[in-house]
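K.L.:
Chains as they are written, first to last, in my numbering: chain F, 3 to 79; chain E, 3 to 148; chain W, 3 to 148.
I am attaching a structure below and will ask some questions about it afterwards.
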Amino acid sequence: IGEIQRFLRDDGEVKVSRRLKETAGKMRREREAYTAEFGRPPSIGELAERLDIPMEEALMAQESSRRLASIHETVYE
Amino acid sequence: MQNAVNISFNALGENEAFARVAVASFAAKLNPTVDDLAELKTAVSEAVTNAIIHGYDSNPAGMVYISATIEDGEIDVVIRDEGRGIDNIEEAKEPLFTTKPEMERAGMGFTIMEHFTDRLEVESSSSSGTVVRFKKRLAGKRVNCV
Amino acid sequence: MQNAVNISFNALGENEAFARVAVASFAAKLNPTVDDLAELKTAVSEAVTNAIIHGYDSNPAGMVYISATIEDGEIDVVIRDEGRGIDNIEEAKEPLFTTKPEMERAGMGFTIMEHFTDRLEVESSSSSGTVVRFKKRLAGKRVNCV
Ligand SMILES: Nc1ncnc2c1ncn2[C@@H]1O[C@H](COP(=O)(O)OP(=O)(O)O)[C@@H](O)[C@H]1O
Ligand SMILES: Nc1ncnc2c1ncn2[C@@H]1O[C@H](COP(=O)(O)OP(=O)(O)O)[C@@H](O)[C@H]1O
Ligand SMILES: [Mg+2]
Ligand SMILES: [Mg+2]
């Protein structure tokens, strides 16, 4: 148990919201870079792999970066 | 094999994020693009918001039900409420039609859902509430014939 | 006010990630620390894995049910299956006790759940299956009196 707990407890008192906001920023930048390179957006798995983060973190981080303004643009374009 | 998940939650705006992430994490099995995933989540948001504010008039005692299944690279999402129902579905789907004009971006919910999914079906009655169902292809989309 | 969410899904190992993320995204409302959330997810994994492999013997037709409520900075999670049940709960909770010794980290599931949550209750019967319930305080934990 101690071993598992040490493995999990690596972030001290960092709040989930702060961690996810940082990850969301990295994901946004990596999405742009990837799209520029390959001419298509990455899959969520590719993005997680390139950033070396677990898929679960990528899924939660995508939520924290949600921007409603873009919906409007997409639909009215 | 078909794989199904069901979620339900109180009609509270703060549960919208839960619903979005839950559906996205189920859809993630298909390894969609981040853009397709964002579109799927937006469609889920619009349907959930409608259930909460129109179906239940923001009464948190109401429950919102979502079922999702995955088959052949496609996700099928059903969002259901047991609220007041929609009188005229065709009219409700019209861009800019709304019964709550005081809201921001009013009247675009169904238009957004139609735009971001591959097939949208709406059933509603004043006795049983509203069922919104959509499908979205998330895998095996790009057939590159060289 | 109390806020509740329910999820259910087929007893497939691939749904474990869905369950983890769904519970985590609900718990995220309380803005826990990264470590506390990781512990909560680990406890959920252990209970869900048990439901799948022990409760249903990995038969995907079985359904796993999770309910979570949040009140006063604490999350309450109930993970239920309608599987074979546990003969002797006290024995099952003993560290290293397992009826599937071929598995990795065998026999530590309940020990991990007990360690990573604030309160653990298990009920089980061969007729109705198993209910595992735990609470975990995620907000307002440390009162720093200076
Ligand atoms: N779940 C629902 N229950 C009852 N009425 C609904 C529901 N969903 C949509 N409606 C009706 O359809 C109209 C159009 O919905 P929508 O296109 O999302 O626009 P908006 O939500 O901005 O009004 C709503 O104003 C409402 O009258
Ligand atoms: N949901 C369940 N249904 C039936 N039996 C269970 C369930 N959960 C746990 N058990 C029994 O309790 C034992 C101990 O569980 P656990 O501590 O998680 O260790 P492990 O899963 O590695 O065997 C299992 O081997 C199994 O016999
Ligand atoms: Mg709407
Ligand atoms: Mg176990």
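Cβ coordinates follow ideal geometry from the N, Cα and C atoms, glycine included.
What's the C-alpha gap between residue 89 of chain E and residue 49 of chain E?
P.N.:
17 Å
K.L.:
Quick one: which chain E residues come within Cβ less than 9 Å of residue 65 of chain F?
P.N.:
19, 22, 23, 26 and 43
K.L.:
Between which two residues does the alpha helix (DSSP H) harbouring residue 38 of chain W extend?
P.N.:
Residues 36-52.
K.L.:
Determine the chain E residues that contact residue 47 of chain F at a beta-carbon separation under 8 Å, and present them in chain order.
P.N.:
Residues of chain E passing the Cβ test: 30 and 33.
K.L.:
Quick check: residue 102 of chain W and residue 54 of chain W, are their CB atoms within less than 8 Å of each other?
P.N.:
Result no, Cβ atoms of residue 102 of chain W and residue 54 of chain W do not sit closer than 8 Å.
K.L.:
By the criterion of Cβ-Cβ separation under 9 Å, what are the contact partners of residue 43 of chain F in chain E?
P.N.:
35, 36, 37 and 38
K.L.:
Only counting the same chain, and skipping five residues up and downstream in sequence, which positions put a Cβ closer than 6 Å to that of residue 73 of chain E?
P.N.:
4
K.L.:
For the alpha helix (DSSP H) that residue 23 of chain F lies in, which residues bound it at each end?
P.N.:
Taken as a continuous stretch (DSSP letters only), the alpha helix (DSSP H) holding residue 23 of chain F covers 18-40.
K.L.:
Excluding the five sequence neighbours on either side, which residues of its own chain have a C-beta within less than 7 Å of the C-beta of residue 139 of chain W, listed in chain order?
P.N.:
In the same chain as residue 139 of chain W, and ignoring 5 residues on each side of it, the C-beta atoms closer than 7 Å to its own belong to 75, 76 and 120, in chain order.
K.L.:
Determine whether the Cβ of residue 147 of chain E lies closer than 8 Å to any Cβ atom of chain F.
P.N.:
Bear in mind that the predicted position of residue 147 of chain E carries a pLDDT of just 46, short of 50, making it too unreliable to give a figure here.
K.L.:
Following a CB-centred definition, is residue 15 of chain E positioned closer than 7 Å to any heavy atom of ligand 3?
P.N.:
no
K.L.:
Among residues of its own chain, excluding the 5 on either side of residue 74 of chain F, which ones have a beta-carbon nearer than 7 Å to its beta-carbon?
P.N.:
Per-residue confidence for residue 74 of chain F stands at a pLDDT of 44, beneath the threshold of 50, marking its modelled position as unreliable; no derived number is given.
K.L.:
Whole angstroms is fine: what's the gap from residue 25 of chain E's alpha carbon to residue 70 of chain E's?
P.N.:
7 Å
K.L.:
Contact defined as beta carbons within less than 8 Å: I believe residue 9 of chain E pairs with residue 68 of chain E. What is the distance between those atoms, to the nearest angstrom?
P.N.:
5 Å between Cβ atoms; contact.
K.L.:
In the DSSP assignment, what residue or residues form a beta bridge with residue 85 of chain W?
P.N.:
DSSP lists no partner for residue 85 of chain W.
K.L.:
Mind checking if residue 2 of chain W is an interface residue toward chain F, Cβ cutoff 8 Å exclusive?
P.N.:
Residue 2 of chain W is absent from the model: chain W starts at 3 and stops at 148.
K.L.:
Can you round the beta-carbon distance between residue 95 of chain W and residue 112 of chain W to whole angstroms, since I take them to be within the 8 Å contact cut?
P.N.:
Right, the Cβ-Cβ distance comes to about 4 Å (below 8 Å), so this counts as a contact.
K.L.:
Who does residue 139 of chain E pair with in a DSSP beta bridge?
P.N.:
Residue 139 of chain E is bridged by DSSP to E:76.
K.L.:
Per DSSP, what are the beta-bridge partners of residue 110 of chain E in this structure?
P.N.:
Answer is none; residue 110 of chain E lacks a bridge partner.
K.L.:
For a test of the three-state rule: what should DSSP assign to residue 6 of chain E, helix, strand or coil?
P.N.:
Of the three classes helix, strand and coil, the one that applies to residue 6 of chain E here is strand, per DSSP.
K.L.:
Can you tell me where the beta strand (DSSP E) holding residue 122 of chain W begins and where it ends?
P.N.:
121-127
K.L.:
Looking at C-beta atoms only, is the number of pairs between the segment 30-47 of chain F and the segment 33-42 of chain E that lie closer than 8 Å three or more?
P.N.:
yes
K.L.:
So the candidates are E:17, E:92 and E:66; which of them puts its Cα closest to the Cα of residue 133 of chain E?
P.N.:
Considering only alpha carbons, the answer is E:66.
K.L.:
If you draw a straight line from the alpha carbon of residue 86 of chain E to that of residue 97 of chain W, how long is it in whole angstroms?
P.N.:
52 Å
K.L.:
Please report how far the alpha carbon of residue 52 of chain F lies from the alpha carbon of residue 59 of chain E, in whole angstroms.
P.N.:
44 Å
K.L.:
Just curious, the alpha helix (DSSP H) that residue 53 of chain F is in, first and last residue?
P.N.:
46-53
K.L.:
State yes or no: is the beta carbon of residue 101 of chain W nearer than 8 Å to at least one beta carbon in chain F?
P.N.:
no
K.L.:
By the three-class DSSP mapping on this structure, what secondary structure does residue 63 of chain W have?
P.N.:
coil
K.L.:
Comparing alpha-carbon positions, which option in W:78, W:14 and W:109 lies nearest residue 29 of chain W?
P.N.:
W:78
K.L.:
Rounded to whole angstroms, what's the CA-CA distance from residue 14 of chain W to residue 15 of chain E? Just pull it up for me.
P.N.:
30 Å
K.L.:
Given residue 80 of chain W, which residues of its chain have a CB within under 6 Å of its CB, disregarding the five upstream and five downstream residues?
P.N.:
Apart from sequence neighbours up to five positions away, the residues of its chain that approach residue 80 of chain W with a beta-carbon distance below 6 Å are 69 and 135, ordered along the chain.
K.L.:
Distance cutoff 8 Å, beta carbons only. Does residue 60 of chain F sit that close to anything in chain W?
P.N.:
no
K.L.:
Return the first residue and the last residue of the alpha helix (DSSP H) that residue 61 of chain F is part of.
P.N.:
57-66
K.L.:
Determine the extent of the alpha helix (DSSP H) in which residue 16 of chain W is found, giving its start and end residues.
P.N.:
Neither: residue 16 of chain W is in no alpha helix (DSSP H) and is coded neither H nor E.
K.L.:
At which residues does the alpha helix (DSSP H) containing residue 94 of chain W begin and terminate?
P.N.:
91-95
K.L.:
Roughly how many whole angstroms lie between the Cα atoms of residue 27 of chain W and residue 6 of chain F?
P.N.:
22 Å
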